[in-house]
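**Student:** Residue numbers (our numbering): 1488 to 1688. Glycine included, C-beta positions come from ideal geometry on N, C-alpha and C.
1) Is DSSP giving residue 1506 helix, strand or coil here?
2) Which full runs of the beta strand (DSSP E) of 3+ residues lie inside the stretch 1620-1663, going along the chain?
3) Could you check whether the Cβ of residue 1540 sits closer than 8 Å to any heavy atom belonging to the ligand NAD?
4) Nearest to residue 1562 by CA position, among 1524, 1616 and 1585, is which residue?
5) Please classify residue 1533: is it buried, with 16 or more other beta-carbons within 10 angstroms of its beta-carbon, or exposed?
6) When the distance is taken between beta carbons, is residue 1633 closer than 9 Å to residue 1652?
7) Under 7 Å Cβ to Cβ from residue 1612, same chain only, skipping five residues before and after it: list those, please.
8) Three-state secondary structure (DSSP) at residue 1524?
9) Do residue 1492 and residue 1554 have their C-beta atoms within less than 9 Å of each other?
10) Considering residue 1610, what are the terminal residues of the alpha helix (DSSP H) in which it resides?
11) Does the beta-carbon of residue 1687 have 16 or more other beta-carbons within 10 angstroms, so that it is buried, or is it exposed?
12) Would you grab the beta carbon distance between residue 1557 and residue 1671 for me? Rounded to a whole angstrom, and I think it's under 8 Å.
13) With 16 as the cutoff for other CB atoms within 10 Å, does residue 1591 come out buried or exposed?
14) Counting C-beta neighbours from all protein chains within 10 Å, is the total for residue 1587 16 or more, i.e. buried, or is it exposed?
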């Protein structure tokens, strides 16, 4: 299997840590304020002190694993990731987060809705298999980690369905995958503008 090509620029990693940690903690507030989950030892705004650090570390790991699928995706679509495209993916992900808060007690309905929306997002994409491969990896890894963490009692979902997590959780990770891949490709594009051209040949 091809190894991921990661940035050697410390500033890139610093941005991933800071932005990933802050944005992750803010998205987590959607779940806290929406009654989706709660923490055993909340400190600030009903959130545990370590949440931003957890999202910072997770962002680095997601960057590394998603980088595996950047080149296959670039080989299937024009490797130009614009600011509007990233903004669109951000809005999608935040909307899916909000949807999980609004439907927190209707797991099966949300699973079906997530699946329908995912098909809608993928159906006409030329990079569908790298997208789905990345989404599957994030869904499996992210859900497994949350199962393990919730088993410690550090946090609790208010409507768990299996092993401490709701059935719709993998779907939320899958809907975050296109944003992750767009950001990874944008980083590659900034660090090596010629990569976009090479990927098409």
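**Tutor:** To lay it out plainly:
1) Reading the chain shown from its first residue, position 19 is the one you call residue 1506. Three-state DSSP puts residue 1506 in a helix.
2) 1642-1644
3) Within the structure as shown, the ligand NAD is missing, as the structure has no ligands at all.
4) Here residue 1562 corresponds to residue number 75 of the chain shown, with the count starting at 1. That would be 1616, whose Cα lies nearest to the Cα of residue 1562.
5) Reading the chain shown from its first residue, position 46 is the one you call residue 1533. By the neighbour-count rule (16 or more Cβ atoms within 10 Å), residue 1533 is not buried but exposed.
6) On the chain shown, position 165 is the one that residue 1652 refers to. On the chain shown, position 146 is the one that residue 1633 refers to. For residue 1652 and residue 1633, yes; Cβs fall inside 9 Å.
7) Within the chain shown, residue 1612 is the residue found at index 125, counting from 1. So the qualifying residues of the chain are 1618.
8) As a working mapping, residue 1524 is identified with position 37 in the chain shown. Looking at residue 1524 - three-state DSSP - the assignment turns out to be strand.
9) Your numbering for residue 1492 matches position 5 in the chain shown. Your numbering for residue 1554 matches position 67 in the chain shown. In contact: residue 1492 and residue 1554 (Cβ atoms closer than 9 Å).
10) Counting from one through the chain shown, the residue named residue 1610 turns up at place 123. Residue 1610 -> no alpha helix (DSSP H), and no H or E assigned at all.
11) In the chain shown, the residue the question calls residue 1687 occupies position 200. At residue 1687 the pLDDT is 43, less than 50, meaning the model places this residue with poor confidence; the figure from the coordinates comes in the next sentence. With fewer than 16 Cβ atoms within 10 Å of its Cβ, residue 1687 is classed as exposed.
12) Taking the chain shown and counting its residues from 1, the one referred to as residue 1557 is at position 70. Taking the chain shown and counting its residues from 1, the one referred to as residue 1671 is at position 184. Contact holds; Cβ gap of about 5 Å.
13) The sequence position of residue 1591 within the chain shown is 104, counting from 1. When all chains shown are included, residue 1591 counts as buried.
14) In the chain shown, residue 1587 corresponds to position 100, counting from 1. Classification for residue 1587: buried.
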